[in-house]
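Going by UniProt numbering, the letters in the sequence shown line up with residues 1 to 179, in that order. Remarks on the structure that follows.
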Amino acid sequence: DILNRSFATPYDREDIYRAITAIDDGLNYAKTSVWEMDVLGVSPDKPMAEMADLLLQGARSLQRGFSVLKTNPGEAERAANAVRKTERHVEKVYRRAIAELFSPQHYANDLAARRKDLSEDLRPLLEPDDKASCDSVLKGVSFVMETLKRREIYRHLSNAADHFAHAGDILHDITVKSA
């Protein structure tokens, strides 16, 4: 009973817990994205930078919304809407990035320009008789590996935005319950 009174709050504790969990999950996806970029040797590209900037905007909106929840519920509601809007923008960037990443023209145009050549690392795995054939296969495998790495990072950034949007939904629910 003393413990319950010590943590008195005008808000539903379940809502607080759900919001904290959603924010934590979003932050974990964002941190995992950075960690995987480092471990997998993937340099940031324009879609990653756009999604990261949007995630920062969403996180700031969440911070603003929760900080004014008690004193200015209208502003908290606007912040909740901003977070959800940010998630929709991240999804647009994600879809555009995936479409570009898997387009045949992207493969043709960017193989030499953007892709780290893993040919020498992969050569011992193949070793066919024809060197030209081997080089072609190695470049293709290298491109596929790079594409899958980038797709994984894009997905994690998108998942981070989904969790932030969920926290925004919870913020909205709290403002409605408090009205």
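Idealized CB from N, CA, C, for every residue including glycine.
The beta carbon of TYR94 sits closer than 6 Å to those of TYR154 and SER158, all from its chain and outside the five residues before and after it, given in chain order. A direct Cα-Cα distance of roughly 38 Å separates LEU40 from ARG78.
The three-state reading of DSSP puts VAL141 in helix, counting H, G and I together. For ALA22, the closest alpha carbon among the candidates VAL68, ALA59 and MET145 is that of ALA59. Using a Cβ distance threshold of 8 Å, GLU87 and ASP162 count as a contacting pair. The Cβ atoms of LEU148 and PHE66 lie no closer than 8 Å to each other. In this structure, the beta-carbon distance from HIS89 to LEU54 falls below 8 Å. Within the segment 38-100, the runs of alpha helix (DSSP H) at least 4 residues long that lie entirely inside it are, in chain order, 46-67. The C-alpha of THR32 lies about 35 Å from the C-alpha of THR71. Closest option to ARG150, judged by alpha-carbon separation, among GLU36, LEU56, ASN28 and LEU27: GLU36. If the five residues before and after ARG96 are omitted, its C-beta is found closer than 8 Å to the C-beta atoms of PRO47, all from its own chain and listed in chain order.
Comparing alpha-carbon positions, the option among LEU69, ALA165, VAL34 and ALA167 lying closest to PRO10 turns out to be LEU69.
The beta carbon of GLY168 is closer than 6 Å to those of ALA80, VAL83 and ARG84 in its chain, skipping five residues each way along the sequence. In the structure shown, the three-state DSSP call for ALA179 is coil. For PHE164, same chain residues with a beta-carbon under 8 Å away, outside a window of 5 residues either side, are ALA22, ILE23, GLY26, LEU55, GLY58, ALA59, LEU62, VAL83, THR86 and GLU87 in chain order. Rounded to whole angstroms, the separation of the alpha carbons of PHE102 and ALA179 is 47 Å.
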